[in-house]
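Right, one structure below, let's go through it.
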């Protein structure tokens with residue numbers, strides 16, 4: 089049997105039964121913990137974001153239909169940060185509304201720790217569902233690295249538009265001194281640049297302002313645009329596929345001619361950069377026109393100024409530079425199309441386009457969304473309703489709802505990129521093994537959520553049971569990876585999977601029972617108030633999650 093007749097590469101992935109079992113147990117454990125902590129709604133929002141994240145990882149990692157996969161993945165990345173930020177913010181607001189205002193300053197510590205613990209619980213639930221839904225190839229190192237680039241491109245456009253719009257709003261506001269119109273300033277700058285580079289007046293006729301400056305340095309600016317024109321001509325010769333398109337016996341002669349022209353232009357460019365432009369610039373700045381006439385002769389000086397002040401010559405040089413840029417971009421795109429599939433030539437631009445498309449969508453829904461969000465948040469801020477409402481409405485009125493919404497979307501995309509970067513860091517440092525990254529994240533997330541659930545006084549039986557479920561998830565994931573690598577999905581693995589799953593369930597139940605019995609016997613009467621032990625519980629929860637990562641990797 090030849091290599092091509094063997095099973096496909098996807099055959100060596102973890103078996104579907106164990107994969108589904110890991111996902112089911114992880115999601116169920118997160119749902120039970122969130123419901124017990126009265127955080128089901130925020131956790132559900134986080135679950136949607138995690139599932140969207142997993143789907144985006146799967147789409148971005150597709151080897152077939154890569155453009156469609158990049159488009160679907162970029163679109164699926166959009167709600168991830170919004171859901172994660174919304175889930176965490178909703179958790180904080182819900183807990184704040186129930187805990188504050190505190191009767192005395194001494195009563196602030198415990199509610200603050202409770203808010204931190206519940207927020208961490210929802211965050212761990214997000215990671216657990218992400219790992220459960222992204223088992224296998226989606227969390228491979230190369231795929232996650234590609235996703236980091238996609239999310240970074242998604243975030244760049246809304247952030248740039250939002251920050252640029254905010255800066256223009258500040259500069260154009262009559263409340264900010266000194267007041268000036270940024271558009272007028274930009275137009276004046278462009279006009280001055282055009283005068284200096286394209287149409288400088290005769291220094292004898294120029295009287296003041298930009299025109300006088302442009303006339304006094306006309307020789308220097310002409311030497312600059314001439315040097316750029318030589319560089320542009322050389323770039324065009326190097327970029328055009330002249331020899332590749334030629335055929336027949338004249339190909340070698342044409343190649344030699346092109347090489348000779350390119351070398352000649354390169355030598356001229358070196359002379360212009362290191363000799364002509366510096367000498368002309370220094371002479372033009374240091375000497376007047378009369379001094380140049382005395383030094384080089386009136387006829388030579390008049391000819392030099394006639395060429396330097398010629399609008400058509402300058403326009404030709406600048407046009408050659410623009411043509412070189414266009415040729416370089418077009419040829420690069422055509423080469424990419426020829427070397428690969430035509431659609432894949434536009435693959436890098438897909439995330440930029442999706443990020444750009446998010447800007448008008450955010451601006452369109454900004455007004456109604458902010459009008460509904462500001463009162464909803466204010467009602468949860470006990471004691472700060474009026475302050476928050478005044479501040480938020482003032483910001484929206486000053487910058488405009490579109491700019492505020494675009495910035496918020498950009499920040500949400502940054503949150504998505506941060507999560508992707510964090511997962512990539514864990515993979516690169518070895519804390520997560522690529523083969524078992526999904527089940528390890530799922531198990532660690534469930535155990536972390538259980539640990540933080542203990543800090544908010546969830547029933548001990550529930551905490552211990554969720555911890556056992558998290559450990560079972562990690563163990564089943566490791567075993568499934570071994571089955572997939574050694575047997576494959578084409579083999580019959582159901583009996584082994586059922587035995588392993590049953591054994592994991594029995595061990596988890598026995599361990600939970602032993603832990604509950606030990607807690608009643610050994611800890612009875614020792615810890616009388618769980619809130620007093622919150623800092624220790626939080627520390628142990630973080631440490632336990634890290635230990636689980638190291639064990640399950």
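Residue numbers (the working numbering): 89 to 641.
Glycine included, each C-beta is placed from N, C-alpha and C at the ideal position.
Everything numeric in this text was worked out from a predicted model, so none of it was measured.
| request: Give a yes or no on contact between the segment 493 to 502 and the segment 234 to 252, applying the rule of three or more CB pairs nearer than 8 Å. | output: yes
| field | Sequence-distant residues of the same chain with beta carbon closer than 8 Å to residue 411, five excluded per side | value | Residues of the same chain with a CB within less than 8 Å of the CB of residue 411, apart from the 5 flanking positions on each side, are 320, 324 in chain order.
| request: Go ahead and pull the three-state DSSP assignment for residue 400. | output: Correct three-state label for residue 400: helix.
| message | Quick check for students: name the residue ranges of the alpha helix (DSSP H) that lie wholly in the segment 464 to 512, counting only runs of 4 or more. | response | Runs found: 473 to 487.
| Between the Cα of residue 535 and the Cα atoms of 119, 552, 441, 526, which residue gives the shortest distance? | Out of 119, 552, 441, 526, the CA that lies nearest to the CA of residue 535 is found in 552.
| Is the Cβ-Cβ distance between residue 216 and residue 114 less than 7 Å? | yes
| field | Nearest candidate by alpha-carbon position, reference residue 139, set 155, 350, 213, 150 | value | 213
| Which of helix, strand or coil does DSSP assign to residue 126? | DSSP places residue 126 in coil when its eight states are reduced to three.
| request: Quick one: using the 10 Å Cβ neighbour count with 16 as the cut-off for buried, is residue 610 buried or exposed? | output: A caution first: residue 610 carries a pLDDT of 49, below 50, which makes its placement in the model unreliable, though a value can still be read off. Classification of residue 610: exposed, given that the 10 Å Cβ count is below 16.
| message | Can you tell me whether residue 348 is helix, strand or coil according to DSSP? | response | helix
| message | Quick check: what's the CA-CA separation for residue 255 versus residue 246? | response | 14 Å
| Of all the options 475, 318, 443, 458, which has the alpha carbon lying nearest to the alpha carbon of residue 504? | 443
| CA-to-CA distance, residue 118 to residue 657, given in whole angstroms | Residue 657 falls outside the range modelled here, since the chain spans only 89 to 641, and no answer is possible.
| query | What's the gap between the Cα of residue 311 and the Cα of residue 373? | reply | 13 Å
| request: For residue 355, count neighbouring C-beta atoms within 10 Å of its own C-beta (all shown protein chains included) and say buried if the count is 16 or more, exposed if not. | output: exposed
| query | Going by alpha carbons, who is nearest to residue 566 out of 175, 522, 307, 313? | reply | 522
| query | For residue 388, does the count of other Cβ atoms within 10 angstroms reach 16, so buried, or fall short, so exposed? | reply | exposed
| message | Assuming residue 323 is part of the alpha helix (DSSP H), what are its boundary residues? | response | 306 to 327
| message | Suppose the cutoff is 8 Å on Cβ atoms and the five residues either side in sequence are ignored; what does the same chain contact list for residue 170 look like? | response | The answer, listed in chain order, is 137, 497, 500.
| request: Note down, in chain order, each residue of its chain lying with its Cβ closer than 6 Å to the Cβ of residue 477, except the 5 sequence neighbours on either side. | output: 466
| request: Classify residue 225 as helix, strand or coil using the three-state DSSP reduction. | output: helix
| request: Compare the C-alpha of residue 508 against each of 108, 123, 148 and name the closest. | output: 148
| message | One question on the structure: do residue 210 and residue 179 come within less than 7 Å of each other, judged by their Cβ atoms? | response | yes
| field | Simplified DSSP state of residue 544, which is helix, strand or coil | value | coil
| query | Which residues bound the alpha helix (DSSP H) around residue 368? | reply | 365 to 374
| task | Measure the C-alpha to C-alpha separation of residue 109 and residue 144 and round it to an integer number of angstroms. | result | Roughly 22 Å separates the two Cα atoms.
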